[in-house]
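J.: Can you keep this structure in mind? I'll have questions shortly.
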Amino acid sequence: MIDPSTPGAGASPVPVILDGDPGHDDAIAWVLALAAPTLEVLGITTVGGNAPLEKTTYNTLRILTLLDRTDVPVAAGASRPLVAEPIVAPSVHGESGLDGPELPEPAVQAVQETAVELMARLLRSASRPVWLVPTGALTNVAALLLAHPELHARIAGISLMGGGIQRGNWTPAAEFNILVDPEAAKIVFESGLPLKMAGLDVTERAQFLPEDFEAVRAVGGPFAEVVADWLHFFYEFHHALGYAGAPVHDPVAVVALIAPEILQTQEMFVQVETAGQYARGATIGDVYGSTGRAPNAEVAMGIDREAYVELIVTAVRRHSERLAGGKR
Amino acid sequence: MSGPGLPTIIDCDPGTDDIAALILARQVQAFDVRAITVTAGNTELAAGLRNALDVTGLLGWEVPVAAGAARPLARDLVTAAEWHGTDGKYGIDIPRSLRQADPRPAWQVIWEEAVAAGEVRRAAVAPSEAAPRKVYAPADSLDDEPAGPHGDVGGLDVIAVGPLTNIATALAAYPDLPRYLRRIVWMGGGVLAGNTTPAAEFNAYVDSEAAERVLHSGVPVWVLPLDVTHECYLTRAELAEVAALGSPATDLWAEVIGRYLDLVEHYSGGRGAALHDPAAVLFAAETAAPGHPSSFTAAACWMGVETQGEASRGMTVTDRYSDKKAAAPNAHLVETVDRPAFIEHLLGLLRRY
Numbered sequence: 033m034i035d036p037s038t039p040g041a042g043a044s045p046v047p048v049i050l051d052g053d054p055g056h057d058d059a060i061a062w063v064l065a066l067a068a069p070t071l072e073v074l075g076i077t078t079v080g081g082n083a084p085l086e087k088t089t090y091n092t093l094r095i096l097t098l099l100d101r102t103d104v105p106v107a108a109g110a111s112r113p114l115v116a117e118p119i120v121a122p123s124v125h126g127e128s129g130l131d132g133p134e135l136p137e138p139a140v141q142a143v144q145e146t147a148v149e150l151m152a153r154l155l156r157s158a159s160r161p162v163w164l165v166p167t168g169a170l171t172n173v174a175a176l177l178l179a180h181p182e183l184h185a186r187i188a189g190i191s192l193m194g195g196g197i198q199r200g201n202w203t204p205a206a207e208f209n210i211l212v213d214p215e216a217a218k219i220v221f222e223s224g225l226p227l228k229m230a231g232l233d234v235t236e237r238a239q240f241l242p243e244d245f246e247a248v249r250a251v252g253g254p255f256a257e258v259v260a261d262w263l264h265f266f267y268e269f270h271h272a273l274g275y276a277g278a279p280v281h282d283p284v285a286v287v288a289l290i291a292p293e294i295l296q297t298q299e300m301f302v303q304v305e306t307a308g309q310y311a312r313g314a315t316i317g318d319v320y321g322s323t324g325r326a327p328n329a330e331v332a333m334g335i336d337r338e339a340y341v342e343l344i345v346t347a348v349r350r351h352s353e354r355l356a357g358g359k360r
Numbered sequence: 002m003s004g005p006g007l008p009t010i011i012d013c014d015p016g017t018d019d020i021a022a023l024i025l026a027r028q029v030q031a032f033d034v035r036a037i038t039v040t041a042g043n044t045e046l047a048a049g050l051r052n053a054l055d056v057t058g059l060l061g062w063e064v065p066v067a068a069g070a071a072r073p074l075a076r077d078l079v080t081a082a083e084w085h086g087t088d089g090k091y092g093i094d095i096p097r098s099l100r101q102a103d104p105r106p107a108w109q110v111i112w113e114e115a116v117a118a119g120e121v122r123r124a125a126v127a128p129s130e131a132a133p134r135k136v137y138a139p140a141d142s143l144d145d146e147p148a149g150p151h152g153d154v155g156g157l158d159v160i161a162v163g164p165l166t167n168i169a170t171a172l173a174a175y176p177d178l179p180r181y182l183r184r185i186v187w188m189g190g191g192v193l194a195g196n197t198t199p200a201a202e203f204n205a206y207v208d209s210e211a212a213e214r215v216l217h218s219g220v221p222v223w224v225l226p227l228d229v230t231h232e233c234y235l236t237r238a239e240l241a242e243v244a245a246l247g248s249p250a251t252d253l254w255a256e257v258i259g260r261y262l263d264l265v266e267h268y269s270g271g272r273g274a275a276l277h278d279p280a281a282v283l284f285a286a287e288t289a290a291p292g293h294p295s296s297f298t299a300a301a302c303w304m305g306v307e308t309q310g311e312a313s314r315g316m317t318v319t320d321r322y323s324d325k326k327a328a329a330p331n332a333h334l335v336e337t338v339d340r341p342a343f344i345e346h347l348l349g350l351l352r353r354y
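In structure tokens form, the structure reads like this:
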């Protein structure tokens, strides 16, 4: 079993720390998390990946300003992977890392603490164990696990977007987030902490079709316009690759905490390959049980796509109403 | 036994499902099986050779049987005795044949049959009607007969259902071999996952270097990974149909697969016995000639075999599902099977006994 304290079981919101490299789909993941009544977002940490660290941090602050949620502390994290050379993905997300609609300039700055310091402080002060939700390379999370073994018990689990049992995207074997820092991913997968993995097996099915962007836009108001435009930007990149829709990867890691019932999952022993001429960065799942090893991850393999779209439309509506009403 | 069919060599490591595959191959009219070559894999070489000789003896099949590699190119041999028994036949009694192995090693047999098949084929086609010279470009359609890498269309098919050590050795020993091979059909690999390790299917695991060598040889390789062979399963009810046929060949087939079913049922989700090696034989049969209806679909893609990874050694890596596509596909990935049509084909072959 993964974790009996999976969100939804208790009455009070589950504390989470978000970690990512926004990125259009990170932004939408955070929109979803910040709208969820069952989650309490304690803080956000950033990592380089979809764009360099300065840009992902700047984008994070712009997103929170747009959402009028600058009360959430933001800390900049690792500017480079643990061991590997950096890789960035400007082709997917544009030069800014979050191209498309115009966004407000940040109304606040990042905190002075590092990502690991902020995460450690939030873990120590939280009333109960915290879920980490990384949607970029796993460098910050691995650094936290390495630097603070005493805080592992304060972590309820890690719900991540990354990897793919069947396939990769950036290389034939490797998904981008894992490929950027395979050594960090190995540390996370071998941590013994409860893991929920939303990899390409599920996120490639979590597609938004053009009519779905319009459902977002139909919520009305400037915020819904921005989210619809993000989706449209992301769609255009993928449409050129032959996709029917935009695979909106990162929010699935949030869905695993707020609406696990719309996912099909499989408990599995997953290893991260850090070597190899083809397979570096692959997440290898023991699908057929050949190792006899106990599962270390709950891997999402399928999703109710329409319910997924509805979750995001609902989140956009909640934010839009709050922003229109001037209340938090 | 030379007939009108397509010159074919079956390279195997019998091995229980290899035995089942050989029994089926004997009845495929589309094949002219020129030789059976044996490699170490499921069993040690000597046991596999014994089984190939005894099974062909039981079938009255005067096909040459040649011994090949006793160990992988660059690794120690790993066998699958836990799935096949150390004798490769669960101790099932197969009458001892007086047949002798061909004195030539497997790779020499492959080369000589390839050259012979190439010459036969060229002689049969008038120069003006010869296949146009073209650069090899795998097509998505099974109807497209693959051309060779050098613009030739080789005349020999190799159906390989074990580790690819013999084929890789032949490629190393006879550099001109690719131009004489029409295609290689290989049961091996797994895209979603492996069965020997989480990353690696048995045949790709046992000799990863050989598999990598063969995939990049320039010969069109049609790969049947676990993803599709797990769908080529036989139920207990269908096994009973085979058992009721009542000939020595089908009795052996039913006994071997029955024992195998007891061990492997869970791999097909409890639905039946995944017929890995028979799937390769039936695929090759259905696609031997262009335009023939097939139970299978395939797609061209790049594929490589990981030879250096820690957790991933022996993994068949393909770009079929990733965003980054190789400029030049080198393989055809067999992806789906119409199981009822597959089973009907299989039972039809066995009813011939």
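For the record, the sequence lines run as chains A and B.
The numbering of the first sequence is this note's numbering, which starts it at 33 and goes up by one.
The numbering of the second sequence is this note's numbering, which starts it at 2 and goes up by one.
Beta carbons are placed, not taken as given, at the ideal position from N, Cα and C, and that holds for glycine.
Report the neighbours of A:F301 on chain C: residues whose CB is nearer than 9 Å to its CB, in chain order.
T.: No chain C is part of this structure, whose protein chains are labelled A and B.
J.: Using the C-alpha atoms, what's the distance from A:Q198 back to B:G156?
T.: 35 Å
J.: Do the CB positions of A:G109 and A:T171 come within less than 9 Å of each other?
T.: yes
J.: If I measure Cβ to Cβ from B:C302 and keep anything under 7 Å in the same chain, skipping five residues before and after, which residues do I get?
T.: Short of 7 Å from the beta carbon of B:C302, and not among the five residues preceding or following it, lie these beta carbons of its own chain, in chain order: T319, D320, R321, P330, A332, L334.
J.: Out of curiosity, what's the CA-to-CA distance linking B:E45 and B:T198?
T.: 20 Å
J.: Compare the C-beta of A:D318 with all C-beta atoms of chain B and state if any pair is closer than 9 Å.
T.: yes
J.: Quick one, which residues of the stretch 201–223 of chain A are near chain B if we go by CB-CB under 7 Å, in chain order?
T.: From the stretch 201–223 of chain A, only N201, W202, T203, P204, A205 have a Cβ closer than 7 Å to chain B.
J.: Between A:G81 and the rest of its own chain, which residues show a CB-CB distance below 6 Å, the 5 nearest in sequence each way excluded?
T.: D53, G168, A169, V212
J.: I'd like to know if A:G168 contacts chain B, where contact means its C-beta is closer than 9 Å to some C-beta of that chain.
T.: no
J.: Are the CB atoms of A:Q303 and A:G334 within a distance shorter than 9 Å?
T.: no
J.: Against chain A, which members of the stretch 178–193 of chain B pass a CB distance test of less than 7 Å?
T.: The residues in question are V192, L193.
J.: How many angstroms separate the CA atom of A:I119 from the CA atom of A:F208?
T.: 9 Å
J.: Tell me the DSSP secondary structure of B:D18 in three-state form.
T.: helix
J.: Run the CB neighbour count on B:P15, radius 10 Å, all protein chains shown included, and call it buried at 16 or more, exposed below.
T.: buried
J.: For B:A255, which option in B:G273, B:E242, B:A26 has the closest C-alpha, if you only look at C-alpha atoms?
T.: B:E242
J.: For a quick check, are the C-beta atoms of B:W108 and B:A53 less than 9 Å apart?
T.: Not in contact: B:W108 and B:A53 (Cβ atoms no closer than 9 Å).
J.: What is the DSSP secondary structure of B:D208, counted as helix, strand or coil?
T.: coil
J.: How about A:S191: is its C-beta nearer than 9 Å to some C-beta of chain B?
T.: Judged by the 9 Å Cβ criterion, A:S191 is not in contact with chain B.
J.: Going by C-alpha distance, which of A:P69, A:H125, A:L155 is nearest A:P84?
T.: A:H125
J.: Please go through the stretch 50–127 of chain B and give each complete beta strand (DSSP E) segment of 3 or more residues, from N-terminal end onward.
T.: Counting whole runs of 3 or more residues, the stretch 50–127 of chain B contains the beta strand (DSSP E) stretches 66–68.
J.: Assign A:S44 to buried or exposed, taking buried as 16 or more other Cβ atoms, counted over all protein chains shown, within 10 Å of its Cβ.
T.: Burial call: exposed.
J.: Check whether the Cβ atoms of A:L154 and A:L192 sit closer than 9 Å, and answer yes or no.
T.: no
J.: Where B:A289 and B:I11 are concerned, what is the direct C-alpha to C-alpha distance, given to the nearest angstrom?
T.: 14 Å
J.: A:T88 bridges to which residues according to DSSP?
T.: BP columns for A:T88 are empty, so no partner.
J.: Identify, in the order they occur along the chain, each residue of the same chain with its Cβ nearer than 7 Å to the Cβ of A:A311, setting aside the five sequence neighbours on each side.
T.: Taking C-beta separations shorter than 7 Å and ignoring five residues to either side along the sequence, the partners of A:A311 in its chain run A205, E305, following chain order.
J.: Roughly how many angstroms lie between the CA atoms of A:V46 and A:V251, to the nearest whole one?
T.: 27 Å
J.: For A:E268 and B:S218, what's the separation of their Cα atoms in angstroms?
T.: 38 Å
J.: Step through the CB atoms of chain B and report whether any lies within less than 9 Å of the CB of A:Y267.
T.: no
J.: Can you name the start and end residues of the beta strand (DSSP E) that A:M333 belongs to?
T.: Membership of A:M333 in the beta strand (DSSP E) is indicated by the continuous run 329–335.
J.: Check whether the stretch 231–247 of chain B and the stretch 338–346 of chain B are in contact - that is, three or more C-beta pairs closer than 8 Å.
T.: yes
J.: Going by beta-carbon coordinates alone, are A:P138 and A:L99 separated by less than 9 Å?
T.: no
J.: How would you label A:H351, buried or exposed, when you count the other beta carbons within 10 angstroms and need 16 or more for buried?
T.: buried
J.: For A:A356, I'd like the list of residues in its chain whose CB is within less than 8 Å of its CB, leaving aside the five on either flank, ordered along the chain.
T.: Once the five neighbours on either side are set aside, the close Cβ partners of A:A356 are G253.
J.: How far does the alpha helix (DSSP H) with A:H184 in it extend, from its first residue to its last?
T.: Unbroken run through A:H184: none, as it is neither H nor E.
J.: Less than 8 Å between the CB atoms is what I'm expecting for B:G49 and B:A36, so what's the real figure, rounded?
T.: No, B:G49 and B:A36 are not in contact; Cβ-Cβ is about 15 Å, not under 8 Å.
J.: Counting only beta-carbon separations shorter than 9 Å, does A:Q239 have a partner in chain B?
T.: Chain B, which has no Cβ nearer than 9 Å to the Cβ of A:Q239, makes this no.
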